[in-house]
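Following: one structure in structure tokens, then a few remarks.
Protein chains: 2
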Amino acid sequence: MSESSRKILSDNNVSVTNPRILVLEALMESQNPQTIDDLQKKLENKVAKSTLYRVLGDLKKINVLHEFTSPDNITVVELLLHDTEHHHHLFCGDCGEIIDVSLSNEFEKLLSVEIKKIERKFNFQINDHRVEMFGTCTDQCSNCK
Amino acid sequence: MSESSRKILSDNNVSVTNPRILVLEALMESQNPQTIDDLQKKLENKVAKSTLYRVLGDLKKINVLHEFTSPDNITVVELLLHDTEHHHHLFCGDCGEIIDVSLSNEFEKLLSVEIKKIERKFNFQINDHRVEMFGTCTDQCSNCK
DNA sequence: ATAATAAATGAGACTTATTCTCATTTATTG
DNA sequence: CAATAAATGAGAATAAGTCTCATTTATTAT
Numbered sequence: 013m014s015e016s017s018r019k020i021l022s023d024n025n026v027s028v029t030n031p032r033i034l035v036l037e038a039l040m041e042s043q044n045p046q047t048i049d050d051l052q053k054k055l056e057n058k059v060a061k062s063t064l065y066r067v068l069g070d071l072k073k074i075n076v077l078h079e080f081t082s083p084d085n086i087t088v089v090e091l092l093l094h095d096t097e098h099h100h101h102l103f104c105g106d107c108g109e110i111i112d113v114s115l116s117n118e119f120e121k122l123l124s125v126e127i128k129k130i131e132r133k134f135n136f137q138i139n140d141h142r143v144e145m146f147g148t149c150t151d152q153c154s155n156c157k
Numbered sequence: 013m014s015e016s017s018r019k020i021l022s023d024n025n026v027s028v029t030n031p032r033i034l035v036l037e038a039l040m041e042s043q044n045p046q047t048i049d050d051l052q053k054k055l056e057n058k059v060a061k062s063t064l065y066r067v068l069g070d071l072k073k074i075n076v077l078h079e080f081t082s083p084d085n086i087t088v089v090e091l092l093l094h095d096t097e098h099h100h101h102l103f104c105g106d107c108g109e110i111i112d113v114s115l116s117n118e119f120e121k122l123l124s125v126e127i128k129k130i131e132r133k134f135n136f137q138i139n140d141h142r143v144e145m146f147g148t149c150t151d152q153c154s155n156c157k
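Chains as they are written, first to last, in our numbering: chain H, 13 to 157; chain F, 13 to 157.
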């Protein structure tokens, strides 16, 4: 675990420091997206707040981290490693849980056709996309009772 | 214009006040999503900051307003009126412009099939969705030179 | 291994978006 | 038109995120 966080850093030519290793390990503890608050709790003040934000910025720069905002306006962060497959997000409006979901290849193929149309129509170069789905978990979400 | 903002409010059983009318009119001035800052400029201090936020909250509650966050973490807001068709968003990473886009019926149909699958798989009830596309406008965006 | 140098960190001050409070004003209704 | 409940304005309070700068740590060339 510690090994692979070191590797992520050195492979991307950023220096291997303790705070960076700790943040990566905290991020690796769960596969679904997590909030800054979640991270701070896991890190137990072993990394200064300013450093945490800086490290997250560094990880974004080397494309290892994706940051976005939940519908209730909370910043959320998730690791994007080589083996992370392309995915989308499902948001629970009751408990705030965010779940990674994959959609069928057939769908993804049609979506990329649509995206090419949009690129032409608006003279854009589109390099990423995501489908966000909003709803409520009907009974078995881990946070809702 | 003033007429229809009054109608939106009374149709939704919220009292018709000046700040609410002014905010609705400012929102109606552009069809693409706009920032809180854009709104404040249009309102020229005719509505207090605290009231602006409150009114936006009221409009969200009656489902007339949709609020979301741009990739550079700026809160953005757009009117959702009866005649607003279902659409998605295209973000320019250079100038921050956000453009409403529609996708083909064929695509939307396949997407709703996918969504039904996700609902079953995760025991969710999904009531909204949006496709976000990220890129850069290659030459003719109004804000980029 | 070590010293020199450049980069990263910690601590806390600072900024800025949003929310809250409470005294005053406005809209609704009967 | 008066009574009452709701909405507003002004500015204080909060909280997320950024910035500064003195100190520490990692890298590298010897």
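Glycine included, C-beta positions come from ideal geometry on N, C-alpha and C.
If I measure Cβ to Cβ from residue i and keep anything under 8 Å in the same chain, skipping five residues before and after, which residues do I get?
i                      : result
residue 55 of chain F  : 34, 35, 38, 64
residue 81 of chain F  : 87, 88
residue 108 of chain H : 82, 84, 86, 155
residue 114 of chain F : 97, 98, 99, 100
residue 52 of chain F  : 61, 64
residue 13 of chain H  : For residue 13 of chain H, the predicted structure reports a pLDDT of 45, less than 50, and the residue's modelled location is therefore unreliable. A value from the coordinates is still provided. Correct list, in chain order: 37, 40.
For residue i, I'd like the list of residues in its chain whose CB is within less than 7 Å of its CB, leaving aside the five on either flank, ordered along the chain.
i                      : result
residue 130 of chain F : 136, 138
residue 41 of chain F  : 54
residue 146 of chain H : 83, 103, 105
residue 148 of chain F : 104, 105, 106
residue 74 of chain F  : 24, 26
residue 16 of chain F  : none
Identify every residue that forms a DSSP beta bridge with residue i.
i                      : result
residue 78 of chain H  : H:90
residue 142 of chain F : H:144
residue 104 of chain F : F:147
residue 136 of chain H : F:149
Am I right that residue i and residue j are in contact with their C-beta atoms under 8 Å? What's the rounded C-beta distance?
i                      : j                     : result
residue 45 of chain H  : residue 97 of chain H : Between residue 97 of chain H and residue 45 of chain H the Cβ distance is about 15 Å, and since that is not below 8 Å, they are no contact.
residue 28 of chain F  : residue 18 of chain F : 5 Å
residue 112 of chain F : residue 43 of chain F : 7 Å
With a CB to CB cut of under 6 Å and the five nearest residues on each side skipped, what residues in its chain are close to residue i?
i                      : result
residue 101 of chain F : 110, 144
residue 157 of chain F : Model confidence at residue 157 of chain F stands at a pLDDT of 47, short of 50, so the residue's coordinates are unreliable and nothing is read from them.
residue 142 of chain F : 100
residue 71 of chain H  : 77
Can you tell me which of the three DSSP states residue i falls into?
i                      : result
residue 148 of chain F : strand
residue 43 of chain H  : coil
residue 70 of chain F  : helix
residue 49 of chain F  : helix
residue 113 of chain F : strand
residue 96 of chain F  : coil
residue 27 of chain H  : coil
residue 56 of chain H  : coil
residue 16 of chain H  : helix
- Task: Report yes or no: do the stretch 110-130 of chain F and the stretch 112-122 of chain H share at least 3 C-beta pairs separated by less than 8 Å?
- Result: They touch, by the three-pair rule.
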